[in-house]
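Enquirer: First residue of the sequence shown? That's 610 in our numbering, and the numbers climb one at a time after it.
Ideal Cβ positions, reconstructed from N, Cα and C, are used throughout, including at glycine.
As the structure is a computational prediction, the values presented were derived from the model and not from experiment.
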Amino acid sequence: MTPVIQVKNLKKYFPIVKGIIRKKYSYIRAVDGVSFSIEMGETFGLVGESGSGKSTIARLLLRLIEPTEGEILFKGKDITKLSKGELREVRKNMGIVFQDPASSLNPRNTVYDTLLRPLKLHGIPKDEAEERIHKVIESVNLGEELLGRYPHQLSGGQQQRVSIARAIILNPEFVVLDEPTSALDVSVQAQILNLLLDLQREFRLTYLFISHDLSVVRYISDRIGVMYLGNLFEVAPTERLYTHAFHPYTVGLMSSAPILNPRLRSRKKLLLSGEPPSLINPPSGCPLHPRCPFAKSICREKKPELVEVERDHFVACHRAGEIDFSEFLGGESVG
Ligand SMILES: Nc1ncnc2c1ncn2[C@@H]1O[C@H](COP(=O)(O)OP(=O)(O)O)[C@@H](O)[C@H]1O
Ligand code: SF4
Ligand SMILES: [Mg+2]
610 MTPVIQVKNL KKYFPIVKGI IRKKYSYIRA VDGVSFSIEM GETFGLVGES
660 GSGKSTIARL LLRLIEPTEG EILFKGKDIT KLSKGELREV RKNMGIVFQD
710 PASSLNPRNT VYDTLLRPLK LHGIPKDEAE ERIHKVIESV NLGEELLGRY
760 PHQLSGGQQQ RVSIARAIIL NPEFVVLDEP TSALDVSVQA QILNLLLDLQ
810 REFRLTYLFI SHDLSVVRYI SDRIGVMYLG NLFEVAPTER LYTHAFHPYT
860 VGLMSSAPIL NPRLRSRKKL LLSGEPPSLI NPPSGCPLHP RCPFAKSICR
910 EKKPELVEVE RDHFVACHRA GEIDFSEFLG GESVG
């Protein structure tokens, strides 16, 4: 079957402009040659530190911004080449939920107006629109009495349920969830994740789930892609990634996740030191080499390609499979 999403060598360079004549002199390489695909009905998780390019990918997939290079296929069709009319049809089939519901909901619109807007934009007749609003509000487990309220009269969790309702009200097949639980209290996070899983089953949705939080991505994703400085370093089925990561950065992320037992924490050696370098002048070769304890001379010279090291498991590292990570994992199993 054709994947719902196929991304091929996707790049987004933001120009940095300077001076009165706005001469371009440099670029921020927010996304620097990324390829992956998402199958029908699956949840593909994208994880990486802040600034690694996750939200830029989200915006590119919905064509809210134009790519610098590369292809984005939605059910086999390249959406970077569509006319306005064709794009409208494709957009109907895609939803998005942002991190901060308070700022993504218009404070002057009631819940009802927020939900009506996309239906109106796509010419859904009034009767059907009414019916859909009542159905969707029930699907996200909100009471109809909330329809007349404004965002500030709702809790954070309720606001995010409204954002989710808006994202699915046109019956899309594909939904991008960009850190949908990061702004919420921990107790509410789990409820929202479970709601997303229920909706996925009920409406056969395909998700791109973005988060900087490994435990959240693990909970919800079927497969995970690990990003660093605009590059995908590793892609694997969730449990495989947690038990058999090949990339030093993936292991570094996992081993730096907070461990509650301080005895274990002190036994563990830190894999990644320092901060990510600039996106304006990224390192030559492998983007991780200045921070990677396993770097060899080839790592400074040649950028590693993402290659399949075992079935459905892709790694971009010159030394994939050669490295023993045990001293960094403190004898504890990963995750
Ligand atoms: N419109 C923009 N103009 C210039 N730089 C941008 C723009 N949007 C994002 N960036 C930069 O691109 C990089 C990746 O950002 P983003 O995709 O938001 O990362 P993430 O979502 O992983 O935190 C960051 O350095 C960010 O500052
Ligand atoms: S390619 Fe080299 S520098 Fe990059 S992660 Fe692998 S070992 Fe480290
Ligand atoms: Mg982001």
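Under 6 Å from any heavy atom of ligand 2, does the C-beta of residue 716 make it?
Expert: no
Enquirer: Indicate whether residue 897 and residue 858 have their beta-carbon atoms separated by less than 7 Å.
Expert: At the C-beta level, residue 897 and residue 858 come within 7 Å of one another.
Enquirer: Measuring CB to CB, does residue 689 end up less than 7 Å from residue 622?
Expert: no
Enquirer: Per DSSP, residue 844 is paired with what?
Expert: 834, 923
Enquirer: Where do the N-terminal and C-terminal ends of the beta strand (DSSP E) with residue 707 fall, by residue?
Expert: Here residue 707 belongs to no beta strand (DSSP E), and DSSP marks it neither H nor E.
Enquirer: For the beta strand (DSSP E) that contains residue 690, what are its first and last residues?
Expert: Taken as a continuous stretch (DSSP letters only), residue 690 belongs to no beta strand (DSSP E), as it is neither H nor E.
Enquirer: Looking at the C-beta of residue 771, does it have a partner C-beta in chain D at a distance below 7 Å?
Expert: Of the protein chains in this structure there is only one, and it is not chain D.
Enquirer: Report the CB separation of residue 644 from residue 612 in whole angstroms; it is logged as a contact under 8 Å.
Expert: Residue 644 to residue 612, Cβ: 12 Å. No contact.
Enquirer: Do you know whose CA, among 936, 675, 708, 664, lies nearest residue 696's CA?
Expert: The residue with the shortest Cα to Cα distance from residue 696 is 675.
Enquirer: Using 8 Å for Cβ pairs, my map puts residue 654 next to residue 618. What's the rounded Cβ distance?
Expert: Taking C-beta atoms under 8 Å as the contact rule, residue 654 and residue 618 fail to qualify, at a distance of about 21 Å.
Enquirer: Beta-carbon separation of residue 705 and residue 776 under 7 Å?
Expert: yes
Enquirer: Counting only runs of 4+ residues fully inside the region 651-697, write out the alpha helix (DSSP H) ranges in chain order.
Expert: 663-670
Enquirer: How about residue 898: is its Cβ closer than 6 Å to a heavy atom in ligand 2?
Expert: yes
Enquirer: Just the Cα atoms here: how many angstroms apart are residue 944 and residue 806?
Expert: Residue placement at residue 944 is flagged as unreliable, the pLDDT there being 40, under the threshold of 50; the coordinate-derived value follows with that caveat. Here the C-alpha atom of residue 944 lies approximately 21 Å from the C-alpha atom of residue 806.
Enquirer: Throw me the rounded Cβ distance for the residue 656 and residue 823 pair, which I believe falls under 8 Å.
Expert: 6 Å
Enquirer: Check for me: the alpha helix (DSSP H) holding residue 803 runs from which residue to which?
Expert: 795-812
Enquirer: Cβ of residue 710 within 7 Å of Cβ of residue 769?
Expert: yes
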